[in-house]
Amino acid sequence: MLINIKDLVEDRLCYEKVRELRWSEGVKCPHCTSQSYKRHGHHNSCEHRYRYQCKNCHKYYDDLTMTVFEGHHQPLKVWILCLYFMGLNLSNTQIAKELDLNESDTQIMCNTLRSKTVELKPSPILENEIEIDEVYIVSGHKGNSQAVKKKNRKPRCRRLKGKRGRGTAVDDKVPILGMVQRDGQVVLKMLNDVKTKTITPVIKTQIKQYSKIYTDEYAIYNWLSDFYYHKTVNHGRKEYARDDDNDGFCEVHVNTCEGLWSLLRSWLRPHRGISQEKLPFYIGFFEVIHNAKNRGKAVLHQLLAILL
Ligand SMILES: [Zn+2]
């Protein structure tokens, strides 16, 4: 006998969870933000989906009004299960199978949830000790093949200008800039290129001034010493970690970034053929999951909290 997980999850409990998260500080009108309301039955489609009327602007709304879950023919529990499986990094095909849905419907649901999560996710500000590094992901416009490729550059000769081994979005090697606070959050940004003028505003927005920043010796990071305490590790000279302050710890390294790239590589593997247009959503979703896990938070709860 086949068991379908959908039959074991109740819409009633899903709506209770939604209300708990969305109305944690009381029911609030999504049109005018007034907290003065009266209950007004339930939505036609589901008795567990409460309706309200605002006493201020007199408009009606319900538990899902103006959220990503509004206005779909699939019941709420299917959306929540979909989100749960996405948090476990199942591919669209696997999710379609688990939920007994067709693949194109599942793809639409996953794309909707992924892009909305990324749109609404908080953008952490990093401080204290931070590593910055870049990685290149092979990703075309039509979405054929993709793979994370670690920059594989030879020792750099600073006199030589050029982009040996460097990717730009134009040649299908998309640069991702990673900023990692040691024992803290990560921020990942997909960029068109890794020129100084491209990365400068991104770094200045995400990282508090006078933080300690570790990078490799790539010249695009040279300006950092104007705003931060900047240390570089010289991969070109086969140096991977260094003890600068003589306390016995080799604190100058970007190994946390290296570890993150390996996690990202595994995360993207089940999803074949991510196009450049969709890549930022996969990267952003990975960031949310990584940060939630890092802080010991339940992933589904965190995702719902963002979406509601
Ligand atoms: Zn109102």
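Taking our numbering, the leading residue of the sequence shown gets 5, the next gets one more, and so forth. Each residue gets a CB set at the ideal place from its N, CA and C atoms; glycine is no exception.
Rounded to the nearest angstrom, the Cβ distance from R186 to E135 is 7 Å, consistent with a contact under 8 Å. The nearest non-hydrogen atom of ligand 1 is 7 Å or more from the C-beta of K42. Relative to D11, the option among Q39, K81 and Y64 whose CA is nearest is K81. Each of G188, I84, E14 and Y225 was checked against the Cα of P205, and the nearest Cα belongs to Y225.
DSSP places H294 within a helical segment (H, G or I) once states are collapsed to three. Going by C-alpha positions, L130 is about 15 Å away from T219.
Contact between H294 and L267 is confirmed by a C-beta separation of about 7 Å, below the 8 Å threshold. Distance between G252 and R246, taken at the CA atoms: about 10 Å. Residue state for Q57 is assigned as strand, using DSSP reduced to three classes.
Here C50 carries a strand assignment [DSSP, helix/strand/coil]. Per DSSP, Q306 lies in no beta strand (DSSP E); the unbroken alpha helix (DSSP H) holding it starts and ends at V303 to L311.
DSSP, read as helix, strand or coil, puts G91 in helix.
In the assembly as shown, H62 is an exposed residue. Its beta-carbon has fewer than 16 other beta-carbons within 10 Å. V191 and E291 do touch by the CB rule: their CB atoms are close to 7 Å apart, below 8 Å.
If you measure from each CB to the nearest heavy atom of ligand 1, the residues under 5 Å come out as C33, H35, C36, S38, C58, N60 and C61. Annotation: N132 to F289 spans about 24 Å, alpha carbon to alpha carbon. Listed as beta-bridge partners of I136 by DSSP are M183.
Only residues of its own chain outside the window of five on either side were considered, and among them S215 and I217 have a CB closer than 6 Å to the CB of Y232, listed in chain order. S127 carries a coil assignment under DSSP once its states are collapsed to helix, strand and coil. Counting every other CB atom within 10 Å of its CB across the protein chains shown gives D248 a total below 16, marking it as exposed. DSSP places L192 in no alpha helix (DSSP H) but in the uninterrupted beta strand (DSSP E) bounded by V190 to M194. Look at T121 here: in three-state DSSP terms it is helix. Ranked by Cα distance from H145, the first of E281, H77 and R299 is E281. Secondary structure of T236 (DSSP, three-state): strand. Here DSSP, grouped into helix, strand and coil, assigns Y64 to strand. In the DSSP annotation of this structure, the continuous segment of the alpha helix (DSSP H) that includes Y19 starts and ends at D15 to R26. Under the Cβ criterion (8 Å, minimum of three pairs), the region 111 to 121 does not count as touching the region 28 to 47.
Scanning Y244, P34 and L264 for the CA closest to the CA of E255 turns up Y244.
About 6 Å separates the Cβ atoms of M194 and I287, confirming a contact at the 8 Å cut-off. DSSP lists I141 as the beta-bridge partner residues of V178.
When DSSP states are grouped into helix, strand and coil, K199 belongs to the coil group.
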